[in-house]
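These protein sequence lines map, in sequence, to chains A and B. Each position in the first sequence, counted from 1, maps to that position plus 186 in my numbering. Each position in the second sequence, counted from 1, maps to that position plus 186 in my numbering. The structure appears right after this line, and notes come after that.
There are 2 protein chains.
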Amino acid sequence: MVGLPSEAIERALESVAFDESGLICGIAQQVDTGEVLMVAWLNRDALRETLESGRVCYYSRSRKKLWRKGETSGQVQRLVEARLDCDGDAVLLLVDQSGVACHTGRRSCFFRSFDENGLKIISEPEVSPEQLYGASGH
Amino acid sequence: MVGLPSEAIERALESVAFDESGLICGIAQQVDTGEVLMVAWLNRDALRETLESGRVCYYSRSRKKLWRKGETSGQVQRLVEARLDCDGDAVLLLVDQSGVACHTGRRSCFFRSFDENGLKIISEPEVSPEQLYGASGH
């Protein structure tokens, strides 16, 4: 998706039900395979920037600032389509993920499956966190 | 999935990072098509019941009680697999959805797409809310 016009974005933002912390839940799904990659949060500025730029930008609750996915790691999410749910408090981001979504180096953050022994790891890292970030964080 | 043994569930629950309200985010995805159906919340009891029973149970924040998906509408979600994300605060529920997931009668709650005019409705109800619920709510 190329960026949407500002007027359309502002009109759409009126239908978004940000919570008492000013956030909505974002689910990133790889557009061609349907794989759910990750869940993170967006505030109004993050959603606006995502729709304007066509690159996914979240809001980091821990760092309390915009988190342009891939700005450190290079693992950007190109936005193909964004969909809002019925009560307006979750957005489905259909993306084309460069490389891996997870900070552990795995394609998806959902790499642990509940099974008869507790939790089982079902996928291994494709790259090392050191390759993604050098010495530090997301 | 048939229900998991209690011991395995309790062991897995130790890795789940419930937030300050005791909740985690749940994403329901139709297992065969990959369609993301809905996002809702689970507390510890809801997640435990989901894993024990093999039927998805959420926690309704508005009604402040367990919400056994489909108990009124008949539109149950049979659990096939549950996956936990890297930081333990979101669970991906791979389900087989009977009928529709959305209270509007649509298959998915994500039926509005951001476009150059604002928001566009991209799917229509398959059944009427009245057919699902009679006179009232979820």
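Cβ coordinates follow ideal geometry from the N, Cα and C atoms, glycine included.
By the criterion of Cβ-Cβ separation under 7 Å, what are the contact partners of residue i in chain C?
| i | result |
| --- | --- |
| residue 315 of chain A | Absence of chain C from the displayed structure is noted, the protein chains being A and B. |
Closest to residue i by C-alpha separation, out of the options, would be which residue?
| i | options | result |
| --- | --- | --- |
| residue 281 of chain A | A/200, A/264 and A/222 | A/264 |
| residue 299 of chain B | A/225, A/307 and A/266 | A/266 |
| residue 209 of chain B | B/277, B/283 and B/294 | B/277 |
| residue 197 of chain A | B/312, B/268 and B/306 | B/306 |
| residue 256 of chain B | B/228, B/316, B/313 and B/285 | B/285 |
| residue 268 of chain B | B/247, B/226 and B/240 | B/240 |
| residue 295 of chain A | B/199, B/272 and B/231 | B/272 |
| residue 204 of chain A | A/231, A/242, A/225 and A/191 | A/231 |
| residue 195 of chain A | A/225, A/238, A/249 and A/219 | A/238 |
Given this structure, state the Cα-to-Cα distance separating residue i from residue j, to the nearest angstrom.
| i | j | result |
| --- | --- | --- |
| residue 189 of chain A | residue 234 of chain A | 10 Å |
| residue 318 of chain A | residue 310 of chain A | 15 Å |
| residue 290 of chain B | residue 320 of chain A | 47 Å |
| residue 202 of chain B | residue 211 of chain B | 11 Å |
| residue 206 of chain B | residue 251 of chain B | 17 Å |
| residue 213 of chain B | residue 275 of chain A | 13 Å |
| residue 216 of chain B | residue 292 of chain B | 14 Å |
| residue 193 of chain A | residue 304 of chain B | 8 Å |
| residue 323 of chain B | residue 301 of chain B | Legend: pLDDT at residue 323 of chain B = 48, less than 50; position of this residue unreliable, value from coordinates given subsequently. Looking at the two C-alpha atoms, the distance is approximately 30 Å. |
| residue 308 of chain A | residue 316 of chain A | 21 Å |
| residue 244 of chain A | residue 261 of chain B | 33 Å |
| residue 221 of chain B | residue 312 of chain B | 16 Å |
| residue 314 of chain A | residue 253 of chain B | 40 Å |
| residue 258 of chain B | residue 246 of chain B | 14 Å |
| residue 200 of chain B | residue 249 of chain B | 26 Å |
Using a Cβ cut-off of 7 Å, pull out every chain A residue sitting near residue i, in sequence order please.
| i | result |
| --- | --- |
| residue 243 of chain B | In chain order: nothing, as chain A lies at least about 14 Å away. |
| residue 197 of chain B | 304 |
Strictly below 8 Å CB to CB, what residues from chain A border residue i?
| i | result |
| --- | --- |
| residue 318 of chain B | Near residue 318 of chain B there are no residues of chain A at all, since even the closest Cβ is about 13 Å away, more than 8 Å. |
| residue 191 of chain B | 302 |
Give the interface partners of residue i over in chain B, defined as CB-CB distance under 7 Å, in chain order.
| i | result |
| --- | --- |
| residue 215 of chain A | 222 |
| residue 278 of chain A | 222 and 296 |
What residues of chain B sit near residue i, judged by a beta carbon separation below 8 Å?
| i | result |
| --- | --- |
| residue 290 of chain A | 272 |
What in chain B is Cβ-close to residue i, meaning under 9 Å?
| i | result |
| --- | --- |
| residue 268 of chain A | 299 and 300 |
Taking the beta strand (DSSP E) that residue i belongs to, which residues open and close that run?
| i | result |
| --- | --- |
| residue 214 of chain A | 209-216 |
| residue 307 of chain B | 304-307 |
| residue 268 of chain B | 263-270 |
| residue 299 of chain B | 298-301 |
| residue 282 of chain B | 276-283 |
Proximal residues, the region 222-240 of chain B versus chain A, C-beta separation under 8 Å: 222, 224, 225 and 237
Contact set between the region 202-213 of chain A and chain B, restricted to residues whose Cβ is under 7 Å from the partner: 211 and 213
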